[in-house]
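Quick note on numbering: the sequence shown equals residues 1 to 128 in our numbering.
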Amino acid sequence: MTIPMTCVFISLLLIYVARLFVAKAQSQQPEGLDNHNPRDQQAKLTGVGRRALAAHQNGFEAFAPFAAGVFTAHLAGADARWSAILAVTHVAARVLVMYLADKASARTAVWIISFAATVGLFLLKWLV
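Spelled out as structure tokens, the structure:
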């Protein structure tokens, strides 16, 4: 498996790493984990739990374009070295700590970097 394809898998896993923090926050609520209405309970989370939920949701938002970019670059026969650099950049930028630690400016920078890497994957065949 290529590095970019491995990064797609890691990106998928990161979505669910964030979800673990959400589940922990839900289980620490006075009523415990509400498995009947989990989304209602998640909407009431605060602090780290709320930010973990945002990271989880943002992971879904970023995953599809990133995966499509990796596959587009691969199928277009784009430069393998640059595909790997951009894919690793995207995954490295998706650091959950920025959400969990409530670092808003860093979180915005991370989003810009990961988005630029994703767009770069789509354009790579023409850029390199």
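All residues carry an ideal CB built from backbone N, CA and C; glycine is no exception. Please read these numbers as outputs of a predicted model, since none were measured by experiment.
Give me the Cα-Cα distance between residue 15 and residue 63, rounded to the nearest whole angstrom. In the sequence shown, the residue the question calls residue 15 occupies position 15. In the sequence shown, the residue the question calls residue 63 occupies position 63. In a straight line, the C-alpha of residue 15 is about 8 Å away from that of residue 63.
Here's the rule: buried if 16 or more other CB atoms are within 10 angstroms of the residue's CB, otherwise exposed. What is residue 43? Here residue 43 refers to the residue found at position 43 when the sequence shown is read from its first residue. Classified as exposed, residue 43 has fewer than 16 neighbouring CB atoms from the shown chains inside 10 Å of its CB.
Inter-residue Cα distance where the pair is residue 75 and residue 58: Locating residue 75 in the sequence shown gives position 75, counting from the first residue. Locating residue 58 in the sequence shown gives position 58, counting from the first residue. Roughly 26 Å separates the two Cα atoms.
Determine the DSSP secondary structure at residue 53, reduced to helix, strand or coil. Position 53 of the sequence shown, counted from the first residue, corresponds to residue 53. Helix, per DSSP.
Rank 55, 119, 128, 77 by C-alpha distance to the C-alpha of residue 21 and give the top, closest one. Against the sequence shown, residue 21 aligns to sequence position 21. Ranking 55, 119, 128, 77 by Cα distance to residue 21 puts 55 first.
6 Å Cβ shell around residue 10 - same chain, five flanking residues per side excluded: Here the question's residue 10 lines up with position 10 in the sequence shown. Result list for residue 10: 91, in chain order.
Can you give the beta carbon distance from residue 73 to residue 121, rounded, assuming they're within the 8 Å contact cut? Here residue 73 refers to the residue found at position 73 when the sequence shown is read from its first residue. Here residue 121 refers to the residue found at position 121 when the sequence shown is read from its first residue. With a contact defined as Cβ atoms closer than 8 Å, residue 73 and residue 121 qualify at about 5 Å.
By Cβ distance, which residues of its chain are closer than 7 Å to residue 51, with the 5 residues on each side in sequence left out? Here the question's residue 51 lines up with position 51 in the sequence shown. The beta carbon of residue 51 is closer than 7 Å to those of 99, 100, 102 in its chain, skipping five residues each way along the sequence.
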